[in-house]
Each structure stands twice: as C-alpha cells, then as structure tokens.
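Chains as they are written, first to last, in the working numbering: chain P, 32 to 297; chain F, 32 to 297.
1) Cβ closer than 7 Å: which chain F residues qualify as neighbours of residue 147/P?
2) Could you name the residues of the same chain whose beta carbon sits closer than 7 Å to that of residue 194/P, not counting the 5 residues immediately before and after it, in chain order?
3) Mind checking if residue 203/F is an interface residue toward chain P, Cβ cutoff 7 Å exclusive?
4) Does the Cβ of residue 282/P have 16 or more other Cβ atoms within 10 Å, making it buried, or fewer, making it exposed?
5) Can you tell me which of the three DSSP states residue 14/F falls into?
6) So that I know if they touch, is there some Cβ in chain F lying closer than 7 Å to that of residue 32/P?
7) Compute the distance between the beta-carbons of residue 104/P and residue 63/P, then report whether it is under 7 Å.
8) If we cut at 7 Å on Cβ distances, does residue 131/P have a partner in chain F?
9) Quick one: measure Cβ to Cβ for residue 102/F and residue 238/F, integer angstroms, because I've assumed they're closer than 8 Å.
10) Tell me the rounded alpha-carbon separation between residue 280/P and residue 287/P.
11) Our contact map puts residue 231/P next to residue 188/P with C-beta atoms below 8 Å; I'd like the distance itself, whole angstroms only.
12) Anyone know if the C-beta pair for residue 48/P and residue 60/P falls short of 7 Å?
13) CA-CA distance, residue 292/P and residue 215/P?
14) Going by Cα to Cα distance, which pick from 124/P, 67/P, 81/P is closest to residue 96/P?
15) Hey, residue 243/F and residue 128/F: beta-carbon distance below 7 Å or not?
16) Assuming residue 100/F contacts residue 115/F (C-beta within less than 8 Å), just tell me the rounded distance between them.
17) Extract the residue ranges of the alpha helix (DSSP H) inside the region 59 to 100 of chain P, only unbroken runs of 4 or more that lie entirely within it.
18) Going by C-alpha distance, which of 296/P, 233/P, 223/P, 42/P is nearest residue 148/F?
19) Only counting the same chain, and skipping five residues up and downstream in sequence, which positions put a Cβ closer than 8 Å to that of residue 176/P?
20) Report yes if the C-beta distance between residue 124/F and residue 94/F is below 7 Å; otherwise report no.
21) Taking C-alpha atoms, which residue in 185/P, 179/P, 153/P, 167/P lies nearest to residue 171/F?
22) Looking only at its chain, what residues have a beta carbon closer than 6 Å to the beta carbon of residue 270/P, apart from the 5 residues adjacent to it on each side?
23) Report yes if the C-beta distance between residue 74/F and residue 98/F is below 7 Å; otherwise report no.
24) Pull up the distance between the alpha-carbon of residue 285/P and that of residue 43/F, whole angstroms please.
25) Please report the straight-line C-alpha distance between residue 36/P and residue 229/P, rounded to a whole angstrom.
26) Suppose the cutoff is 6 Å on Cβ atoms and the five residues either side in sequence are ignored; what does the same chain contact list for residue 10/P look like?
27) Alpha carbon to alpha carbon, what distance is there between residue 50/P and residue 85/P?
28) Among 227/F, 121/F, 89/F, which has the Cα closest to the Cα of residue 134/F?
29) What does the alpha-carbon distance come out to for the pair residue 219/F and residue 117/P?
30) Closer than 8 Å by beta-carbon distance: list the chain P residues that pair up with residue 151/F, in chain order.
31) Taking C-beta to C-beta, are residue 169/P and residue 289/F nearer than 7 Å?
32) With which residues is residue 216/F paired in a DSSP beta bridge?
33) Have a look at 53/F, 120/F, 111/F and flag the residue whose alpha-carbon is nearest the alpha-carbon of residue 88/F.
34) Between residue 254/F and residue 245/F, what straight-line distance do the alpha-carbon atoms span, to the nearest angstrom?
35) The beta strand (DSSP E) spanning residue 44/P covers which residue range?
36) Is there a C-beta anywhere in chain P that falls below 7 Å from the one on residue 231/F?
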C-alpha cells in the first residue's frame, strides 16, 4: 500500500476496534462495517458485553462476521490480547485478508478532580497510562505480530484529540496521555513505512465523556468550555465524526501518522 | 513576575536541579550558580553521590550554599521528595527568597534494543515513565507546594528534547515520554499563570547518552544519525547549551511553557 494513496476496505477485510461499547467507538464500527467486502471480520473489544452486543448487532451484514469479547484493556496481558485476536480469526489465514485495520479508540479522561499543580499520585498515573498508553502499545504490537505476513496491507488508526497537541486546563492526565500515545504512533510510522498510520482527532463529540467532565472537573475554565459546548449545541454527533474519519481514511491523503482533526479541510 | 518579562536570579535565590551528577545537569548547575545573589541555595539531586560532590564543588561560591543528596528519582516517594527540599532550606522561610527555580533535568533513553513494533513490556514502560514522567510530576508538585507562598516568584524549567515534538526512529520510549512530560508542563502553565515555565531543548550534546545510543540502538537510522553527530563534530559541549538555557531564561521572552530549542534564534 503506497503512501498517500487511497485506502480500499471493500475487499475481504479484518478490523479490530477497542472501546467499541459506546460513543465514537460504536459509531466508527458501524460506519466501517458498511464498507467491508465479503467474508470480512470485525472484532469489537470493550468491557461491557451487553453494550458490545448492541454495537455488534448494528454492524452485522451479509459481508461481515462480527465477533465481540469482553476484555478489560486496563489489565489485559499482551498474551490475552494476542489470543483474543487469534480467536476471532477462527483458523483463517491472515493472507486471506486484502486489508487489516485496527482502531485504538479506548480511552479515559483521568482524574479531573485535582489541580494539575497538586498531582503526585504515581500509582494513579500508572493506572491511567496502563489503559491509555501502555496497553494501547501492547495491543498494537499484537496486531502487528499476528498480521506481520501482510504488513503492506495494514492500517492503524489512533483516536486522538486536540488535547494531544494543545494543552487544556484541568486535563493534565488526558493531554499528556494523548501526547504520549500520538507520539508512539508517530515513531512507529517512521519505522514502519509500509503500514498506514493515522492519528484522527474526532472533535468535541456528544458522548458520556462530556457529562463526566461536567460532573467531575474542578477546573473552572474546563467547566466553562464544556458547558458552552453543551449549551451552544456545537457538539458533534458520533456518527458525523465517524463518517469523517472513514472519509479521511479512504481518501488516504494523510502523511505518516499525521494528526488529522474533524475540523481540518478534506 | 509578569509574563514575557526578564527573569532575575541575582537576588537571594533557591534552586533545585535533578540529574545533577553529570552532563547537561552539571553544566546548568554551574552556569546558574554564577548568577545567584547572596544567601542563595542550590540543591543538587541524582543517585551518584560522588559525582554530585564534584558538581557541588564546581558550584560553590561566596553567594551560594550548595546542598546535595543522593536520591533515586525512579523510586522516591512524594514524601521523600518533599523532605529533601525541606531539609535543604535548613529552617529558612521560603519568603526569604527573591526567586525559586527548579530544573527537571533527570532523564533516561529507554530501551533502544527493541523495534517500536515489538514493544509490549508494560512493566518496563511503567518503570520508564516513573522516572521520566510520573516522578517528575511528583517532584514538581512538591516544589509548588513548598514554595506556594511565593508562587509569583517561581520558575520551572523542563529539560526536553526535539524528540518531544518530532518522532525519531528507534526512540519510542524517549519520544513518547518527552511528549508526555512536556505536555504536563504546558497544562500546568495554562493553570498557573503566575509561574514561569520553560521547556528547554538542549540540542545534541556531547554526553554519556550519545555513547549509550551507539552501544544499544538496534535502529539503523538512529545509529546513523548519532554516528554522524559524533563524526562530524556537531555535538554541543554541555556548557554551551547550558549557557544558552540561562540566556533564554534571563531574557524571559518565552511564552508559557514554550518549547525553546538551542538552535532557535535569541
């Protein structure tokens, strides 16, 4: 797959998506499912099995076999991640797939109830990074290992945020974690020239995260930003940003590991 | 201390510096010591006490009382960090100081012997982030708490790297850790408008790190970059970049938490 060329998912495609039980993850799964060709597979990962089942039902089609497994990506071992992907293949050879794509959508906001100047809880930082950075890396490595044979047909999408490149008061966990995560994918893209890597920033989306911020945040500026998002009706619907993500992918005009935002021109 | 105004360290100043036993840390300590006014204090932190003693000897002057303590910042608790700073004050009130400055110079390169696509050792990632990110945050918080009373006279310098903003093949630990660390300071600066925060990138410096890269790195591109640094004699002497760091600080023209590189115009 050449650089900056369009990405075709209309063949037999393998797709794995983390954080698939809700919000942006669910919306991306639904949009991607529509594109996939015959004998494709989608593996949906998240903790909540009931909500995964709903996402799975929304993705089902004649072309796509949807598999889902409850997994806690804050604690899963690389071995468990490896095995969940292998199980979803049901004995099929990776070379059967014309493309294989992973969406790293899992994420959390971190502790919003503490001023940045008061941060000192190292175990809490470790836990945050386990889910948001370290295990994202570990899952990505399992994907690369399992699909090594078709490395030139791989696509990696990291769901990032404007916060990865622009500091936001009251969100030091989130901003620093997103910065670290995005940078890992940038270094990977430097080394793996044949793998297409995209950092997609979905913009402010109407999800449970918004209410979580308003319930938890102590930072006044952060509360104001999110309150105005909510009151002015400027929040995006998950399906709208998911559709943009898919369009950006298909057009394939992004440079290796480029940070592409919802609000960027197409 | 107003934004974008010059920073004056010629009064009675408190200074704490991590990674002070060698290289850039030692050079910055020496340069800063020259500036400080009567009754100033410098606290030097690192693991190696013998090397700290050498740095301390280089910093001694009529104006400056130099204190050093061996501390392993990969493992120290917030309490231990707090206590080491308090001990160095020897009962003096923080309001005695016209300015207080911290240099976060501690850092390591991470595992260079693994391709980024093979990373999956989560405990190793945690250890790397403990030293390079989480405990930097914890130490910074102790500094802010102890000097809370003179918050408008505080200066924070994070020694960062071009790698915080530009991916470098073979250095995923280092690049992602530097990105996370720099972003933490950017968020802090958003919240703490009265604290001067600088992210200083020292450029390629002739330190033990260079030989470590050449000894450990598996990535060909990385080896080539560092070999050419070494062969072409383009590496900077530690004192040269330390002097630039001090000039940037004194001029104080940087915006909050700005990433300023050695090669940037003055």
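Virtual Cβ for every residue (Gly too), placed ideally from N, Cα, C.
Just so it is clear, the structure is predicted and the values come from calculations on it, not from any experiment.
In short, the structure shows the following:
1) Taking the first residue of the first chain as position 1, residue 147/P is located at position 116. The answer, in chain order, is 218, 219, 222.
2) Indexing the first chain from 1 puts residue 194/P at position 163. Contacts found: 202, 205, 206, 209.
3) In the second chain, counting from the first residue as 1, residue 203/F sits at position 172. At least one chain P Cβ lies under 7 Å of residue 203/F.
4) Within the first chain, residue 282/P is the residue found at index 251, counting from 1. Counting Cβ neighbours within 10 Å, residue 282/P comes out exposed, since fewer than 16 surround it.
5) In the structure displayed, chain F extends from 32 to 297; residue 14/F sits before or after that span and is not available.
6) Start at 1 with the first residue of the first chain, and residue 32/P comes out as number 1. Annotation note: pLDDT 47 at residue 32/P (below 50); position unreliable, coordinate value reported separately. Contact of residue 32/P with chain F is not assigned, every C-beta pair being separated by 7 Å or more.
7) Taking the first chain and counting its residues from 1, one reaches residue 104/P at position 73. Taking the first chain and counting its residues from 1, one reaches residue 63/P at position 32. Contact: no.
8) Residue mapping note: residue 131/P aligns to position 100 of the first chain, counting from 1. No - not a single Cβ of chain F is within 7 Å of the one on residue 131/P.
9) As a working note, residue 102/F is residue 71 in the second chain. As a working note, residue 238/F is residue 207 in the second chain. Their Cβ separation, rounded to whole angstroms, is 20 Å, which puts residue 102/F and residue 238/F out of contact at 8 Å.
10) In the first chain, residue 280/P corresponds to position 249, counting from 1. In the first chain, residue 287/P corresponds to position 256, counting from 1. Cα-Cα distance, rounded: 12 Å.
11) Along the first chain, read from residue 1 onward, the residue named residue 231/P stands at position 200. Along the first chain, read from residue 1 onward, the residue named residue 188/P stands at position 157. Between residue 188/P and residue 231/P the Cβ distance is about 6 Å, and since that is below 8 Å, they are a contact.
12) Looking up residue 48/P in the first chain gives position 17. Looking up residue 60/P in the first chain gives position 29. Going by C-beta atoms, residue 48/P is nearer than 7 Å to residue 60/P.
13) Here residue 292/P refers to the residue found at position 261 when the first chain is read from its first residue. Here residue 215/P refers to the residue found at position 184 when the first chain is read from its first residue. When rounded, the distance between both Cα atoms is 18 Å.
14) Sequence index remark: in the first chain, residue 96/P carries index 65 (1-based). Scanning 124/P, 67/P, 81/P for the CA closest to the CA of residue 96/P turns up 67/P.
15) For this step, residue 243/F is matched to residue 212 along the second chain. For this step, residue 128/F is matched to residue 97 along the second chain. It is not a contact, given that the beta carbons lie outside the stated cut-off.
16) Working through the second chain from its first residue, we reach residue 100/F at position 69. Working through the second chain from its first residue, we reach residue 115/F at position 84. At roughly 5 Å, the Cβ-Cβ gap stays under 8 Å, so residue 100/F and residue 115/F are in contact.
17) 80 to 90
18) Here residue 148/F corresponds to residue number 117 of the second chain, with the count starting at 1. Looking at the Cα atoms, 223/P is the closest of the given residues.
19) The count along the first chain starts at 1 and reaches residue 176/P at position 145. The residues are 113.
20) Counting from one through the second chain, the residue named residue 124/F turns up at place 93. Counting from one through the second chain, the residue named residue 94/F turns up at place 63. It is not a contact, given that the beta carbons lie outside the stated cut-off.
21) Locating residue 171/F in the second chain gives position 140, counting from the first residue. Among 185/P, 179/P, 153/P, 167/P, the Cα nearest to that of residue 171/F is on 153/P.
22) As a working mapping, residue 270/P is identified with position 239 in the first chain. Correct list, in chain order: 58.
23) Residue numbering aside, residue 74/F sits at position 43 when the second chain is read from its first letter. Residue numbering aside, residue 98/F sits at position 67 when the second chain is read from its first letter. The answer is yes: Cβ separation under 7 Å.
24) Here residue 285/P refers to the residue found at position 254 of the first chain. Here residue 43/F refers to the residue found at position 12 of the second chain. Distance between the alpha carbons of residue 285/P and residue 43/F is about 53 Å.
25) Here the question's residue 36/P lines up with position 5 in the first chain. Here the question's residue 229/P lines up with position 198 in the first chain. Those two C-alpha atoms are separated by around 13 Å.
26) The structure shown has nothing for residue 10/P, since chain P only spans 32 to 297.
27) Numbered from its first residue, the first chain carries residue 85/P at position 54. Numbered from its first residue, the first chain carries residue 50/P at position 19. Cα-Cα distance, rounded: 13 Å.
28) In the second chain, counting from the first residue as 1, residue 134/F sits at position 103. Nearest C-alpha to residue 134/F: 227/F.
29) In the second chain, the residue the question calls residue 219/F occupies position 188. In the first chain, the residue the question calls residue 117/P occupies position 86. For residue 219/F and residue 117/P, the distance between alpha carbons rounds to 43 Å.
30) Working through the second chain from its first residue, we reach residue 151/F at position 120. Under a criterion of Cβ atoms nearer than 8 Å, the residues of chain P adjacent to residue 151/F are, in order, 109, 168, 169, 172, 173.
31) Taking the first residue of the first chain as 1, we reach residue 169/P at position 138. Taking the first residue of the second chain as 1, we reach residue 289/F at position 258. No.
32) Translated into the one-based positions of the second chain, residue 216/F becomes position 185. Under DSSP, residue 216/F shares a beta bridge with no residue.
33) Along the second chain, one-based indexing puts residue 88/F at 57. Of 53/F, 120/F, 111/F, the residue nearest in Cα terms is 53/F.
34) Within the second chain, residue 254/F is the residue found at index 223, counting from 1. Within the second chain, residue 245/F is the residue found at index 214, counting from 1. One C-alpha to the other measures close to 6 Å.
35) As a position in the first chain, residue 44/P is number 13, starting the count at 1. Here the beta strand (DSSP E) through residue 44/P covers 44 to 49.
36) The sequence position of residue 231/F within the second chain is 200, counting from 1. Interface flag for residue 231/F against chain P is unset, since no Cβ pair is found closer than 7 Å.
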